[in-house]
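Engineer: Can you keep this structure in mind? I'll have questions shortly.
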Amino acid sequence: NPYVDIIAHPTGRILGRRPPYNLDLDCFIEVAAKTGTILEINASPDRLDLSAENTRRAKENGILIAINTDAHDKVRLQDIAFGVTNARRGWLEKSDVLNTYSKEEVEEILKDRRRKALLK
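The opening residue of the sequence shown carries number 39 in the working numbering; numbering runs sequentially from there.
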């Protein structure tokens with residue numbers, strides 16, 4: 039879908055409570071790479087989804103990552119540190135993380151990916 043820019047907590051896991059979805063992750067990553075869909079690292083310590091291993095796989099396929107705290111209150115904003123740590127464990131660099139771009143750059147990235155998706 040050309041109007042889906044980001045897929046959040048793609049495997050749906052909740053650590054210690056729910057295993058990841060039965061998902062063909064290779065196919066999922068391949069399609070995300072082909073469509074320019076951004077994937078999320080959910081920084082909640084209950085999720086950390088994408089895992090560091092899957093984050094690395096996404097990076098190897100040229101997928102941009104967004105780090106989200108999943109904060110439902112201001113105290114949880116500090117969870118960003120867990121997401122950054124997970125990104126580092128997945129070998130991400132600054133250029134791999136959507137959050138590191140300026141507002142104008144993010145707008146351009148989203149416009150460009152949508153334009154490309156609509157042309158397919």
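Even glycine gets a Cβ: it sits at the ideal position worked out from N, Cα and C.
Since the structure is predicted, the reported quantities are computational estimates derived from the model, not experimental observations.
Just tell me which of Ile103, Lys97 and His110 has its CA closest to the CA of Val144.
Structural biologist: Ile103
Engineer: Helix, strand or coil for Glu142? Go by DSSP, reduced to three states.
Structural biologist: DSSP places Glu142 in helix when its eight states are reduced to three.
Engineer: What alpha helix (DSSP H) runs, 4 residues minimum, are completely inside the segment 64–128?
Structural biologist: 90–98 and 118–127
Engineer: Assuming Ile105 and Ala81 form a contact by the criterion Cβ under 8 Å, report the distance between their Cβ atoms to the nearest whole angstrom.
Structural biologist: Confirmed, Cβ separation roughly 6 Å.
Engineer: Figure out for me which residue from Lys154, Val42, Thr73 and Leu53 has the closest Cα to the Cα of Pro83.
Structural biologist: Leu53
Engineer: Tell me, to the nearest whole angstrom, how far the beta carbon of Ile45 is from that of Thr93; I am working on the premise that it is less than 8 Å.
Structural biologist: Contact check for Ile45 and Thr93: beta-carbon distance about 13 Å, past the 8 Å limit, so the pair fails to qualify.
Engineer: Give me, in chain order, the residues of the same chain whose beta-carbon lies closer than 6 Å to that of Asp8; leave out the 5 immediate sequence neighbours on both sides.
Structural biologist: The structure shown does not extend to residue 8, since the chain spans only 39 to 158, so no value can be given for it.
Engineer: Helix, strand or coil for Arg153? Go by DSSP, reduced to three states.
Structural biologist: helix
Engineer: Judging by CA-CA distance, which residue of Ser140, Pro57, Ser89 and Pro40 is the nearest neighbour of Thr123?
Structural biologist: Ser89
Engineer: Suppose the cutoff is 8 Å on Cβ atoms and the five residues either side in sequence are ignored; what does the same chain contact list for Asp117 look like?
Structural biologist: Ala81, Ser82, Pro83, Thr107, Asp108 and Ala109
Engineer: Cβ atoms of Ala119 and Val135: under 8 Å apart, would you say?
Structural biologist: no
Engineer: In angstroms with no decimal places, state the Cα-to-Cα distance between Cys65 and Lys132.
Structural biologist: 26 Å
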